[in-house]
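First to last, the protein sequences are chains A and B. Taking my numbering, the leading residue of the first sequence gets 3, the next gets one more, and so forth. Taking my numbering, the leading residue of the second sequence gets 3, the next gets one more, and so forth. Ideal placement from N, C-alpha and C gives every residue a C-beta, glycine not left out. All values derive from a computational prediction rather than experimental measurement.
2 protein chains.
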Amino acid sequence: MGPSLRVALCQLNTTVGDLEGNLARILKALETAEGQGAQLAVFPELAITGYPPEDLLLKSGFVDDALETLEKVVAATAGCAAMVGFVDRDGEGKLYNAAALCAGGTRVAVYRKHRLPNYSVFDEARYFEPGPGRAGVVDLARTRVGVAVCEDVWWPDGPLAGMPAAGAEVVVVLNASPYYARRADDREQVLEARAAEAGCPLIFVNQVGGQDELIFDGASRAVGADGQVRIRLPQFTESIVTVDVADLDEPAPLPPEGPTLTSEVYEALVLGTGDYARKNGFTDVVFGLSGGIDSSLVACVAADALGPEHVHAVALPSRYTADESNDYAAELAQNLGIDLRSIPIEPAYTAMLAMLGEPAEMEVGGVPHGLVTTADTAMSARAKSQIARENLQGRIRSALVWALNNKFNWLVLVCGNKSELAVGYTTAYGIDMAGGFAPIKDVWKTEIYALARERNRRAGKEVIPEAVIQRPPTAELRPGQLDQDSLPPYEVLDPILEGFVEEDRTATELIEDGHDAATVGRIVRMVDSAEWKRRQAPPGVRVSPKAFGRDRRMPITNKYRG
Amino acid sequence: MGPSLRVALCQLNTTVGDLEGNLARILKALETAEGQGAQLAVFPELAITGYPPEDLLLKSGFVDDALETLEKVVAATAGCAAMVGFVDRDGEGKLYNAAALCAGGTRVAVYRKHRLPNYSVFDEARYFEPGPGRAGVVDLARTRVGVAVCEDVWWPDGPLAGMPAAGAEVVVVLNASPYYARRADDREQVLEARAAEAGCPLIFVNQVGGQDELIFDGASRAVGADGQVRIRLPQFTESIVTVDVADLDEPAPLPPEGPTLTSEVYEALVLGTGDYARKNGFTDVVFGLSGGIDSSLVACVAADALGPEHVHAVALPSRYTADESNDYAAELAQNLGIDLRSIPIEPAYTAMLAMLGEPAEMEVGGVPHGLVTTADTAMSARAKSQIARENLQGRIRSALVWALNNKFNWLVLVCGNKSELAVGYTTAYGIDMAGGFAPIKDVWKTEIYALARERNRRAGKEVIPEAVIQRPPTAELRPGQLDQDSLPPYEVLDPILEGFVEEDRTATELIEDGHDAATVGRIVRMVDSAEWKRRQAPPGVRVSPKAFGRDRRMPITNKYRG
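Next comes the structure, spelled out in structure tokens:
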């Protein structure tokens, strides 16, 4: 006879700093678990504080309050026990990322995380001391339960290697493992290896929900001692599932999952956008709807995240806006059932040109191809004026949308994508950057199309008009302007950007990889020159292995040109 | 007879990523040192790459290039030897923050930094492995030279404790130690303790210059074996000074330095602002000059940093601007000899009010005291409209200044101070926030006054008109508006903010400290609610022990209210 323990996987959506709210969520889950006959409810890493609490941890008063909150969980474990992630503090005031086993109304045991990630989006060495790295094992209901926290299981030869010697019959792992595309698949491979190393079933419980740039996708798992996945909790939603450890090796292993990558990323955008709004007290969002594909996709994400009745789109046409742009915006708004208003920007544009001593009309043609910044001192005065005129339009649009934010407390979304943000093909403080949240900032332009089609596929109809997907990208800031006047085709651009930004290739290496030398040189220079602008961009949903923001920390002042 | 070594302290202003430029600077200093008869030239920490290189270090191609650059320093040491900070890499690709002794044209020895700071503005655990922590000692010119890197000497019982046993006759320390107010005094105390621990003279060489938010103040030191300071290099400027180690205990110790704190901070602002502009390719700056004290101070800092002929101020009066505001702006511009132009914002303001369906005139009075954000859902529609109207003015001003940036490639400065930024008494994307650099963002409002007087004292006359220093702070966004309508007096506000922001006190603790409970509750809420706005603020000069930016990493989504 194997171990008799019945375990509830509590995949919860906590909020950073929300000690009362997180406590309420934990207590409710504990009740549900008990109702399902569980003897042990397992919660995510740092479930008390939410993850990552960042510099809240430097406030000793916050840690006091969080420790008091843990005591309230302890007090509620007369029935079902709880393994809960919390911030532990020793007598010297040092902090640990820890898991407490609370049972019978007392804190029975504490395990301190050994491996502290301090790369990518993680800064755990800033806050925590590492635990000793011994296998953490405790007895509960005649079962020897091993415990580990997140990064502890991410690499071989960690604390799980000691589990067989320690006699563990099941290992529970508390996690706050952030999402990026295909992450759940990667994790399964890791869990399979670790379960084999531990020599017993493994239960992996992950946080779910958005926190600023990060989203946590849940996708908790129960794995048999044979290293095969037996139970999958859903991605991107809260879930509580109870399992008998003894049964874990019984059913046949599950076949690999088959969701498409695009579908997964779309769900991530919806959860990340919705959670940012909700957790920051917004019910409604507002943004400029241009009739292009980026803002059309953002409209869909927002409608799916918050409900179409909470989505306010604003068309902001100028003298350069094509009639079909307005038509497409109207069509999309109708298809989605969202609010649409139109504020033509001409009066402000005319007024400000005059205030700047600029001619009301300007014959275009002064802007050489490839120029999107006025930092180039070789640029003609005429070309610089043209750029000024274009940026002015973006900034007038932004000021109008923000006036709606002030009047109605709607969260302002911006529609810039990762390709634009990378090369700085955006207006600082303009309609494409100046917002509270940027849903698609980590999505390459070439991926935007697949997401738009995915949304139409889900609806079973053309919510985003096919013509929007087909038309060549344009900012419509001067007559006949196309993105491709200033940038290589996105099919050429995005792979270079992916190498430079996500894979940390240098220009030299990208040229060795076979990309065109002149194009690489120009693009890399644009990316570096736009760092100051990205630093002022709002957060957005991280869906790639390396997003702009806390993930890629490049200096602004940076003369490296390699 | 003591050690015979003659050492040059090379306090250089390197730039991050500028491998060629830093190399040229190092080679020139080496020549100077040799000319001064030095046998060893000591350079700052990571002098090859500049400090901090941040995620450039994740590019293996960058590390390759930096290692090649080091070889060029090595090749230049046929005469004077060099102890130079560089990024070392082992066979497994792991990186170390290291010092190389280059002598006789070869790399003689390498010391790897043991203590890696990973708190405050430091992230060294993200990039580096720690060295073994043994005392690093090497023989040069019949002298036993100990070596350490920055944080190694910051705490007792570090690598310097082993120096007596290792027989060190002098210890050289390579540093990139960032500035904040009174930092040089703190360092002297530390150096005195470490020299005593090492039992021999200690030579401390620090980087100088601005790098994004950070500035390094130089202030290199030579300390005798008795722990007393013998030589001080200047703060905030490059300097090369050569000393005989044997002589270091000879002269009488120097008395403590007596510069005023205000004078020191002013110099820091000038260096930080000037270096940001220069290192990012700007010769000129532009900003809105209101006739208030903040923008007046920024005008002085900019003129001192770049020369008055490179400073462009723009008066942007509205219907609410008092005549004396325009007069003060003109007076200041004339006193400083800077360019001033005036662009009244009325035409754009009138146009945009009409576009938004707002009345051209609005009887004020709808905004309750204390409200500076529309996030309060209890606020009346009328009050929200009033806020929208005020923010609109700030955004129009910003769009105009940015048009000048586009046309002339002038770096846009913003004039927001730390108190305003803390409570969010600023307009996102408006004239007080939307810029490339924010010179006074880490200066509390109550400190601004002392800095303004300091600048006048230096000039020996009223450069900033005394009336500007005396007038009550106002944003002039509605008739008769004063900062104090929305905020407590700055004398009350700043100490609360200092406790909450710089000392990580909680609201509860601040009330226990004796601050008014209602005021604390309101202020703390405002600070947390403005985190999203601060995240989009430009960098500025860090002059406090905890600045907004990379120093204080609070979550935006944060429901902690303690």
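Proximity test, Cβ basis, 8 Å: residue i and chain A
i        : result
B:Ile50  : no
B:Ile345 : yes
B:Glu36  : no
B:Leu273 : no
B:Leu565 : Residue 565 of chain B lies beyond the residue range present for chain B, which begins at 3 and ends at 564; the question has no answer from this structure.
B:Trp404 : yes
B:Gly418 : no
B:Leu21  : yes
B:Pro349 : yes
Interface residues of chain A facing residue i [CB-CB closer than 7 Å]
i        : result
B:Gly276 : Chain A residues near B:Gly276: none, gap ~12 Å exceeds 7 Å.
B:Thr559 : Thr17, Val18, Gln213, Asp214, Tyr278, Lys281, Asn282
B:Ser387 : Lys409
B:Arg232 : Those within 7 Å of B:Arg232 in chain A number zero; the least Cβ separation is about 34 Å.
B:Ala436 : Tyr431
B:Ala390 : Ala405, Asn408, Lys409
Segment limits, alpha helix (DSSP H) that includes residue i
i        : result
B:Asn177 : Unbroken run through B:Asn177 is the beta strand (DSSP E), 172 to 177; no alpha helix (DSSP H).
B:Gly148 : Counting along the chain, B:Gly148 falls outside any alpha helix (DSSP H), though it belongs to the beta strand (DSSP E) covering 145 to 151.
A:Asn458 : 447 to 461
A:Asp66  : 62 to 77
B:Ala350 : 348 to 357
A:Gly551 : From DSSP, A:Gly551 is part of no alpha helix (DSSP H); its letter is neither H nor E.
B:Cys27  : Sequence inspection shows Arg at residue 27 of chain B; the Cys mentioned does not correspond to that position. Looking at the DSSP string, the run of the alpha helix (DSSP H) that includes B:Arg27 is 21 to 37.
A:Val300 : 295 to 308
B:Arg397 : 383 to 410
A:Leu263 : 263 to 281
Range covered by the beta strand (DSSP E) that runs through residue i
i        : result
B:Asn208 : 204 to 208
A:Phe88  : 83 to 91
B:Tyr113 : 108 to 114
B:Ser241 : 241 to 246
B:Leu142 : 138 to 142
B:Asn99  : 97 to 105
Minimum Cβ-Cβ distance from residue i to chain B less than 8 Å
i        : result
A:Ala353 : yes
A:Tyr181 : no
A:Pro55  : yes
A:Val358 : As written in the sequence, residue 358 of chain A is Leu, which differs from the Val given in the question. Yes, A:Leu358 lies at the interface with chain B (some Cβ there is under 8 Å from its Cβ).
A:Arg480 : no
A:Pro161 : no
A:Thr376 : Residue confidence is low: A:Thr376 scores 48 on pLDDT, short of 50, so the model does not pin down where it sits. No coordinate-derived value is stated.
Partner residues on chain A for residue i, Cβ-Cβ distance less than 9 Å
i        : result
B:Ser400 : Arg397, Ala401, Tyr431
B:Asn120 : Asn120, Asp125, Ala127, Arg128
Interface residues of chain B facing residue i [CB-CB closer than 7 Å]
i        : result
A:Thr508 : Lys61, Gly63, Phe64
A:Gly564 : Gly63, Phe64, Asp67
Any non-hydrogen atom of the ligand NAD closer than 7 Å to residue i Cβ
i       : result
B:Gly37 : This structure simply doesn't include the ligand NAD, nor any ligand for that matter.
Chain A residues whose Cβ lies nearer than 8 Å to that of residue i
i        : result
B:Met556 : Glu56, Asp57, Leu58
Cβ distance (whole Å) where residue i is taken to contact residue j below 8 Å
i        : j        : result
A:Ala40  : A:Ala10  : 4 Å
A:Glu235 : A:Gln13  : It should be noted that the sequence gives Leu, not Glu, for residue 235 of chain A. With 8 Å as the limit, A:Leu235 and A:Gln13 qualify as a contact, their Cβ atoms being about 5 Å apart.
B:Ala454 : B:Ser298 : 7 Å
(message) What are the residues in the stretch 521 to 545 of chain B lying within 8 Å of chain A by C-beta distance?
(response) Those residues of the stretch 521 to 545 of chain B that come within reach of chain A (Cβ to Cβ, closer than 8 Å) are Trp534, Arg537, Gln538, Ala539, Pro540, Pro541.
(message) What are the residues in the stretch 439 to 461 of chain A lying within 7 Å of chain B by C-beta distance?
(response) Against chain B - using a Cβ distance shorter than 7 Å - the stretch 439 to 461 of chain A contributes no residues.
(message) Against chain B, which members of the stretch 57 to 77 of chain A pass a CB distance test of less than 8 Å?
(response) Result list: Asp57, Leu58, Leu60, Lys61, Ser62, Gly63, Phe64, Asp67.
(request) With 8 Å as the C-beta to C-beta threshold (strictly closer), list the residues of the stretch 485 to 514 of chain B near chain A in chain order. (result) Listed by position along the chain: Asp506, Arg507, Thr508, Thr510, Glu511.
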